[in-house]
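All remarks here apply to the structure that follows.
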Ligand code: HEM
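Dropping the structure here:
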């Protein structure tokens with residue numbers, strides 16, 4: 003404590019702008035203010051939808067276009083997390099953290115590496131927990147040995163210093179927990195570093211690949227130049243599965259193959275939450291859609307002649323049938339009211355009249371026979387090609403970020419749930435016997451330590467009194 | 418034996434526990450406080466059983482998902498977490514008056530879930546099917562619950578501190594006399610946040626891991642993520658306030674209350690008022 007005071011006075015006496023700037027950048031007050039400012043300003047970006055434009059937002063929500071344009075121009079409110087002022091605030095935060103750590107860390111390091119081994123009377127008085135006792139019959143060396151044994155078995159092996167006829171014991175536990183705060187703070191800087199690496203050397207893009215198709219470029223978000231991958235990705239197959247009786251997709255999967263130097267190097271079936279990784283680039287299943295019209299296959303039987311033909315049709319196409327008839331599919335679904343795939347269609351008579359629309363279902367091949375039409379339609383198959391929508395991300399900084407997160411968890415658990423506990427014990431000759439002085443402190447969670455200390459001191463007193471009264475009795 | 422029966426029992430038990438704690442403040446009888454605590458345990462047991470049963474009910478319907486899949490389930494889990502934190506503090510410190518300021522949060526959650534929310538068990542969309550969801554929700558909610566506890570204690574602090582200062586050292590009587598001393602309240606506030614903060618940190622990290630896995634980016638500044646960061650900034654400010662003169666006591670209590678208000682907004686306000694990737698019930 004007094005060290006830091008003298009430190010400050012020398013700085014203050016030198017005065018100067020640099021020194022007061024340094025003090026400011028080291029101060030915790032600045033940290034609190036920055037944290038609160040970050041919290042307050044972050045709100046803006048959650049109210050104003052990022053990545054949109056003032057016009058879009060004014061139209062959607064009916065807000066004043068003038069105000070939104072002003073916010074856009076003045077504080078870059080539509081991309082505020084990348085604005086110069088928000089990034090500066092984060093920068094200030096990082097600088098504050100670095101300065102504060104540079105200033106405080108050496109002190110903590112010294113405290114841990116060069117602990118106070120010898121406690122004088124004044125120091126004992128400054129400790130929250132202390133205890134004094136006299137053992138009228140004890141011998142200095144015996145009591146010291148016993149006390150060392152006690153500390154070793156009940157707390158930690160002490161450092162022993164003999165000075166001026168007294169034996170000083172110092173024992174500590176959890177010294178490393180003092181670094182928890184520094185690990186936490188360092189972890190924040192590491193996460194910043196990881197984010198910067200990702201921003202500079204990574205990208206976020208997307209690509210749609212039709213079943214059977216191949217892609218070797220991806221489109222970055224924001225639609226700039228396409229980015230070459232350095233290899234190509236082929237989609238062999240795409241499948242989507244729905245929850246029973248609904249159009250809610252349960253799962254969709256793509257079979258992807260990676261091609262490089264003319265050969266297949268990797269194959270993987272990806273689904274939402276299970277992406278493909280290759281060469282530091284990740285392909286995530288994110289969407290899908292139909293590629294072109296579906297093709298339907300029918301068997302058509304002429305009711306009068308019994309003659310059967312196999313035809314295929316695309317939606318909207320007029321498909322001729324024997325006898326001058328034709329038909330067209332107008333609508334289709336993969337799941338009609340829980341009955342499975344179905345189409346809606348109608349017949350066109352030889353004289354060009356359109357018949358009433360009717361429904362044909364793949365799972366019920368005889369159903370259409372009940373309709374009293376000239377033809378009986380059976381849907382034998384439905385082919386829909388899909389494209390798979392992939393998000394493509396490259397982020398070489400992500401492992402740095404995870405390292406930072408790991409350190410943050412370790413550091414904050416260390417900082418919150420452990421403490422540096424220290425005990426001092428002095429044994430010195432006092433009249434015929436010895437006197438002991440016992441004290442301790444913890445750098446956090448003092449109440450729990452106080453309880454602990456209480457038990458220790460009682461047990462220590464009992465142990466020493468028992469042994470030393472017996473020893474004297476035996477020898478006398 | 419259905420989950421909804423047990424949810425109703427839990428709601429009732431929390432209500433009577435809350436009334437019991439209030440009665441304890443007025444009547445100053447230790448037995449009342451003990452009865453309220455027993456009711457809290459009963460409610461907690463019923464709440465636990467209900468969540469377990471609902472899990473089984475979802476499996477019986479063929480949905481392999483933890484009961485944390487929609488707003489209803491998250492609200493009853495929130496109530497459960499609040500009781501978990503409160504009962505842990507009660508086991509350790511036995512400041513029963515605190516119950517009167519913490520149980521109302523759990524009761525409000527339960528009654529809202531029972532009366533106002535859709536309790537049907539629905540399957541999760543693919544983007545939400547992940548173990549990360551479970552880890553993410555559990556860590557976040559334990560954090561939120563600890564913040565609820567800190568908020569209740571901070572309200573008590575602010576109610577009491579003025580009176581205690583006016584009494585200039587003499588003990589305050591009446592209902593306020595049943596409150597722990599402001600020093601103890603301040604300490605409980607800090608202790609609760611010491612649990613909540615690392616939990617929220619874990620919650621944000623598991624959320625980021627999940628987003629990275631499901632969408633390819635660990636952070637996209639969507640409103641839900643940003644609000645969780647806002648909450649995190651506020652509690653970080655609170656923790657640092659303790660090392661700075663002039664930022665303790667009342668200001669710390671206000672920071673804690675503000676933090677909890679932001680927590681509730683992050684949890685509910687973002688879904689109800691702001692749009693984003695995260696909105697439940699998709
Ligand atoms: C969001 C960012 C930050 C986080 C998560 C964080 C985390 C922490 C944690 C967990 C503690 C321990 C608190 C306690 O013991 O109650 C702490 C203490 C501290 N932090 Fe931070 N911190 C952050 C930013 C900063 C900044 C910007 C500064 C710059 C001055 C700073 C300076 C300190 C100091 C001086 C301590 C006290 C260390 C001690 O003497 O025990 N922190 N921080």
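Protein chains in written order, with the numbering used here: chain A, 3 to 478; chain B, 418 to 699.
Where a beta carbon is used, it is the ideal one built from N, C-alpha and C, also for glycine.
For residue i, which of the options has the nearest alpha-carbon?
i: residue 445/B; options: 596/B, 637/B, 654/B; result: 596/B
i: residue 25/A; options: 87/A, 105/A, 96/A, 58/A; result: 105/A
i: residue 109/A; options: 184/A, 143/A, 440/A, 340/A; result: 184/A
i: residue 519/B; options: 605/B, 552/B, 689/B; result: 605/B
i: residue 101/A; options: 430/A, 74/A, 194/A, 29/A; result: 29/A
i: residue 510/B; options: 420/B, 601/B, 634/B, 678/B; result: 601/B
i: residue 530/B; options: 491/B, 476/B, 433/B, 437/B; result: 491/B
i: residue 347/A; options: 460/A, 65/A, 155/A, 332/A; result: 332/A
i: residue 48/A; options: 32/A, 27/A, 81/A; result: 81/A
Run through DSSP, which three-state label would residue i get?
i: residue 696/B; result: Any reading at residue 696/B must be qualified, since the residue scores a pLDDT of 37, below 50, and its modelled position is unreliable; the value itself is stated next. Here residue 696/B sits in coil by DSSP.
i: residue 222/A; result: strand
i: residue 442/B; result: helix
i: residue 171/A; result: strand
i: residue 538/B; result: coil
i: residue 211/A; result: strand
i: residue 508/B; result: helix
i: residue 340/A; result: coil
i: residue 420/B; result: helix
i: residue 50/A; result: coil
i: residue 429/B; result: helix
i: residue 245/A; result: coil
i: residue 285/A; result: strand
i: residue 1/A; result: Only positions 3 to 478 of chain A appear in the structure, and residue 1/A is not among them; the question remains open.
i: residue 292/A; result: strand
i: residue 11/A; result: The pLDDT assigned to residue 11/A is 45, lower than 50, so where the model puts this residue is not dependable; a value taken from the coordinates is nonetheless given after this. Of the three classes helix, strand and coil, the one that applies to residue 11/A here is helix, per DSSP.
i: residue 561/B; result: helix
i: residue 274/A; result: coil
i: residue 43/A; result: helix
i: residue 466/A; result: helix
i: residue 582/B; result: helix
i: residue 376/A; result: coil
i: residue 110/A; result: helix
i: residue 703/B; result: Past the boundaries of the shown model lies residue 703/B; chain B is included only from 418 to 699, so the question cannot be answered.
Which residues mark the beginning and the end of the alpha helix (DSSP H) in which residue i is found?
i: residue 226/A; result: That residue, residue 226/A, is in no alpha helix (DSSP H); it is neither H nor E in DSSP.
i: residue 82/A; result: Where residue 82/A is concerned, there is no enclosing alpha helix (DSSP H), given that its DSSP letter is neither H nor E.
i: residue 776/B; result: With chain B running from 418 to 699 in the structure shown, residue 776/B is simply not present.
i: residue 417/A; result: 400–419
i: residue 390/A; result: Not the alpha helix (DSSP H): residue 390/A falls in the beta strand (DSSP E), residues 388–396.
i: residue 56/A; result: 56–63
i: residue 264/A; result: First-last for residue 264/A: undefined, no H or E at that position.
Just curious, the beta strand (DSSP E) that residue i is in, first and last residue?
i: residue 610/B; result: Run containing residue 610/B: none in the beta strand (DSSP E); it sits in the alpha helix (DSSP H), 599–632.
i: residue 161/A; result: 161–165
i: residue 348/A; result: 344–350
i: residue 688/B; result: No beta strand (DSSP E) contains residue 688/B, which is instead part of the alpha helix (DSSP H) from 687–690.
i: residue 425/A; result: 423–432
i: residue 328/A; result: 328–335
i: residue 148/A; result: From DSSP, residue 148/A is part of no beta strand (DSSP E) but of the alpha helix (DSSP H) over 142–156.
Let me check you understand the geometry: is the CB of residue i closer than 8 angstroms to at least one non-hydrogen atom of the ligand NAP?
i: residue 408/A; result: The ligand NAP is absent from the structure shown, which contains only the ligand HEM.
Kindly say whether residue i, judged by its beta-carbon, lies nearer than 9 angstroms to any beta-carbon of chain E.
i: residue 59/A; result: Although the question refers to chain E, the structure presented lacks it and instead comprises the protein chains A and B.
Mind checking the segment 482–505 of chain B against chain A and listing, in chain order, the residues whose C-beta falls within less than 9 angstroms of any C-beta there?
-> Of all residues in the segment 482–505 of chain B, none has a Cβ within less than 9 angstroms of some Cβ in chain A.
Pairing CB atoms from the segment 165–173 of chain A with CB atoms from the segment 372–390 of chain A, are three or more of them under 8 angstroms?
-> no
Short-range partners of chain B found in the segment 376–403 of chain A, where Cβ spacing is below 8 angstroms = 393, 394, 395, 397, 400, 403
At least three beta-carbon pairs within less than 8 angstroms, the segment 642–654 of chain B to the segment 570–581 of chain B | no
Using a Cβ-Cβ cut-off of less than 8 angstroms, list which residues of the segment 88–120 of chain A approach chain B; keep chain order.
-> Listed by position, the residues of the segment 88–120 of chain A near chain B (Cβ gap below 8 angstroms) amount to none.
Okay, do the segment 476–493 of chain B and the segment 452–461 of chain B touch, 3+ Cβ pairs below 8 angstroms being the bar?
-> no
Name, going along the chain, the residues of the segment 642–669 of chain B whose beta-carbon falls closer than 7 angstroms to a beta-carbon of chain A.
-> Under the 7 angstroms Cβ criterion, the segment 642–669 of chain B contributes 643, 644, 646, 647, 650, 651, 653, 654, 657, 658, 660, 661, 664.
Using a beta-carbon distance cut-off of less than 9 angstroms, what residues from the segment 330–351 of chain A approach chain B?
-> none
May I ask you to list, following chain order, the residues of the segment 20–47 of chain A that have a beta carbon less than 7 angstroms from some beta carbon of chain B?
-> 30, 31, 33, 34, 37, 38, 40, 41, 44, 45, 47
Contact between the segment 353–360 of chain A and the segment 243–262 of chain A (3+ Cβ pairs under 8 angstroms) = no
Interface positions of the segment 267–285 of chain A facing chain B (Cβ-Cβ less than 8 angstroms), listed along the chain | 273, 274, 275, 277, 284
Selection of the segment 468–482 of chain B by Cβ proximity to chain A, strictly under 8 angstroms | none
Given 8 angstroms as the limit, is there contact between the segment 149–166 of chain A and the segment 396–403 of chain A, that is, 3 or more CB pairs closer than that?
-> no
Are the segment 404–412 of chain A and the segment 188–202 of chain A touching by the rule of at least three beta carbon pairs closer than 8 angstroms?
-> Note that the segment 404–412 of chain A touches the segment 188–202 of chain A; at least 3 beta-carbon pairs, one per stretch, sit closer than 8 angstroms.
Below 7 angstroms between beta carbons is the criterion; list the residues of the segment 205–217 of chain A that meet it against any residue of chain B, in chain order.
-> If the cut-off is 7 angstroms between Cβ atoms, the segment 205–217 of chain A has 206 near chain B.
Residues within the segment 406–417 of chain A neighbouring chain B, beta-carbon criterion of under 8 angstroms = For the segment 406–417 of chain A, which is checked against every Cβ of chain B, the residues closer than 8 angstroms are 407, 410, 411, 414, 415.
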